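Colleague: Dumping the structure here so I can ask a few things about it.
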Amino acid sequence: MGIINVENLKKTYGNVVAVNDISFKIEKGEIFGFLGPNGAGKTSTINMMTGLSRPTEGAITVADIDVVKQTKKAQAIMGIVPDESNLYNEMDGFSNLCFCAALYGMRKKEREGKAYQLLEQFRLNDTGGRPFKAYSKGMRRKLTIAAALIHSPQILFLDEPTTGIDVESAGQIRDLIVRLKAEGTTVFLTTHYIEEAERICDRIAFIAKGRIIATGTVRQLMESVSHGYAVRLVTDKCIGNLSVELQNRFKVSVITSQSDHSLVMQSEQRIPLFPVLKFLHDRKIEVHEARELHPSLEDVFVKLTGIESCLMKKDKEKGDKR
Amino acid sequence: MKSWIAFWNILRKDIKNYYLKPPNISWGIIFPLSWSLMQFIRSPGADMSELLPGLIAMSVLFGTTSMLAVTITFERSGKSFERLLLAPISLSLLVLAKIAGTILFGIFNAFVPIILASFFIDLHAINWQVLLFAILMIAITSALTGLLVAVSAEQVFEAQTLSNFFRFPMLFLCGLFIPISSLPVFLRPVSFCLPLTYGTDILKSTITGDNMLSPLLSFGILLIFAAILFFICRHIINRKWIL
Ligand SMILES: Nc1ncnc2c1ncn2[C@@H]1O[C@H](COP(=O)(O)OP(=O)(O)OP(=O)(O)O)[C@@H](O)[C@H]1O
Ligand SMILES: [Mg+2]
């Protein structure tokens, strides 16, 4: 039994099937990611797991507590970050955190101590006295996450934690999630950023149209799709004229590019590099770069779900070093 | 113990955040105040004690229902109500916490006409214990009626309009200013289905002595009303908001 067990979960709204018979298990201390496009059923699943909506069918247990029957008991050990910030606009950051702490029965001293600590941790201490409505989007998201952590929950749910905020804040939030995991917190998050899932999740479930298409570690997901092998070479001059010879000799298919003097060789078998390099060397061709290409998680996602990755609003986070 | 921390903080937050919202001031405070003043100034001294029960009942009714419409709908529209639903506090306690502030507001409001009246007439004959109890019960049942309206409405404006739809007729149906005995016969059964009728009757028993029912019976009926309304509200929140 994992810390979270979801079995045959189903949710329908009228005749819309939002979540269609999904099952998964999450181990303690794992970061588990739900990766899927808009309308896949991510929020619907989180809402059922946190007791905000009732499953049409199926069972959810969290730390051996039945979420449907003992919702309040289960909620006591959960921290929840919804997709939209839902703190109080009229109240400042500090009071918002203290109020959330009070909802979990924390005493005044404890509340204020933890609120200060979190404001500092999230680098929000300068703005702790400003009303929430005056916060920027990234600050709002951070404070909402802080509010979810105020009672040191065992399990943290995050619904698209980095959507719509800048690269730096997104990086900070990912760092924080990884740190929480190190402290033993179990994390369930949803995202439509493939890189984000790949970077921080221990295991990922691909979800589309209410169904889980595949679940596993990044490596397992990669291995589940057979993709052959590919090698990319960059040379000092164009070698398009050699491609037929290469094809016959190494039993590969070759794609060359005039523009950057590169070529890609593909094959069902692994392509040994040394003979290829020697072959080129013998023909006085200098090789600047040679490497085996690996499929990206994105390729796997596209292959498994049939969803074009552009639909996932891929975010280009160049220069973001997590 | 832990639940009480949550209860108290929800109550405190509501009072701090919503007490002074414009719709609350206009409908909850200014309206009863001006109505009371108008009535007192228009009528000469002797009639004043006859007006008082109705004015108290009206102030409580408008105070509680306005406050509730505001606290519930503001919180709902900002999605922060979900935060309360996600907290480990029972739905009953949540409902109690949400109405507690409005009940206090209603009781506070009741003293607007009482203080005004004390300048004109002698209030020594009043049994304050009975009066306070009556005010409390009116506040509780009005708050729950207001909650019923608020949980059925989506926006603040809608909630205020919807509650006016209920509370204005109640001014005339519950014996506040027109004795029930002078209402058309076919309307009288309606009067007896409204909790405010019983609360006003208790107020009359201690202020003027021209009550219809024994105060004890009225208290009992009000308690039953409160319990039924509480469970209906809880049920609606449970059904409608936890999708
Ligand atoms: N309250 C509701 N009433 C009716 N249909 C709903 C409701 N909530 C969600 N749905 C439908 O269920 C499906 C799944 O929605 P959900 O919000 O779970 O998707 P999501 O994966 O969170 O998408 P996004 O990435 O846009 O947040 C959608 O088709 C949506 O229209
Ligand atoms: Mg969503």
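Line by line, the protein sequences are chains A and B. Note that our numbering gives residue 127 to position 143 of the first sequence, counting from 1, and the numbers run on in steps of one. Note that our numbering gives residue 252 to position 230 of the second sequence, counting from 1, and the numbers run on in steps of one. Quick reminder that beta carbons are idealized off the backbone N, C-alpha and C, glycines included. Quick caveat: nothing in here was measured; it's all calculated off a predicted structure.
(1) Let me confirm a value: Phe208(B) is counted as buried when at least 16 other C-beta atoms fall within 10 Å, else exposed. Which label applies?
(2) Within 8 Å of any Cβ in chain B, is that where the Cβ of Phe172(A) sits?
(3) In terms of residue numbering, what span does the alpha helix (DSSP H) encompassing Met249(A) cover?
(4) Could you spell out where the beta strand (DSSP E) holding His272(A) opens and where it closes?
(5) To the nearest angstrom, how far is the alpha carbon of Leu257(A) from that of Tyr213(A)?
(6) Beta carbon of Lys26(A): closer than 7 Å to some heavy atom of ligand 2?
(7) Using the rule of at least 16 other Cβ atoms within 10 Å of the residue's Cβ for burial, across every protein chain shown, is Ile246(B) buried or exposed?
(8) So Arg91(A) contacts chain B; which residues on that side make the cut at Cβ distance below 8 Å?
(9) Helix, strand or coil: how does DSSP classify Glu310(A) here?
(10) Just tell me which of Arg95(A), Ala166(A), Val0(A), Cys185(A) has its CA closest to the CA of Thr174(A).
(11) Leu140(A) by DSSP, collapsed to three states: which one?
(12) Where does the unbroken alpha helix (DSSP H) through Lys(-6)(A) begin, and where does it stop?
(13) Could you check whether the Cβ of Ala91(B) sits closer than 8 Å to any Cβ belonging to chain A?
(14) Restricting to Cα atoms, I'd like to know which of Ser65(B), Ile63(B), Leu90(B), Phe62(B) is closest to Leu33(B).
(15) With a cut-off of 8 Å, does the C-beta of Asn39(B) fall near any C-beta of chain A?
(16) Please report the distance separating the alpha-carbon of Ala43(A) from that of Ile139(A).
(17) Identify which residue in Lys117(A), Lys92(A), Lys12(A), Leu164(A) has its Cα closest to the Cα of Ala47(A).
(18) Enumerated in chain order, which unbroken segments of the alpha helix (DSSP H) with a length of 4 residues or greater are wholly contained in the region 78 to 151 of chain B?
(19) May I ask you to report which of helix, strand or coil DSSP gives Met90(A)?
(20) Considering only residues of the same chain and omitting the five flanking positions on each side of Ile8(B), which have a CB-CB separation below 6 Å?
(21) Buried or exposed: Lys298(A), going by 16 or more other Cβ atoms within 10 Å of its Cβ?
(22) Look at the alpha carbon of Phe103(B) and the alpha carbon of Glu97(B), and state the distance between them as a whole number of angstroms.
(23) Give me the Cα-Cα distance between Ser246(A) and Glu273(A), rounded to the nearest whole angstrom.
(24) Quick check on the DSSP output: what are the complete beta strand (DSSP E) runs of length 3 or more inside the region 60 to 89 of chain A, in order along the chain?
(25) By DSSP, does Tyr100(A) sit in helix, in strand, or in coil?
(26) Go ahead and pull the three-state DSSP assignment for Thr219(B).
Modeller: Looking at the atomic coordinates:
(1) exposed
(2) no
(3) Where Met249(A) is concerned, there is no enclosing alpha helix (DSSP H), although the beta strand (DSSP E) it sits in stretches over 246 to 251.
(4) 271 to 277
(5) 12 Å
(6) yes
(7) exposed
(8) Ile27
(9) No answer is possible for residue 310(A): it lies beyond the span of chain A, which begins at -15 and ends at 306.
(10) Cys185(A)
(11) strand
(12) Per DSSP, Lys(-6)(A) belongs to no alpha helix (DSSP H); it is in the beta strand (DSSP E), -12 to -3.
(13) no
(14) Leu90(B)
(15) yes
(16) 18 Å
(17) Lys12(A)
(18) 103 to 108, 113 to 140
(19) coil
(20) A query on residue 8(B) cannot be resolved here, the shown segment of chain B reaching from 23 to 265 and no further.
(21) Low confidence applies to Lys298(A): its pLDDT is 47, below 50, so where it sits in the model is not reliable enough to give any reading.
(22) 5 Å
(23) 9 Å
(24) 62 to 65
(25) helix
(26) helix
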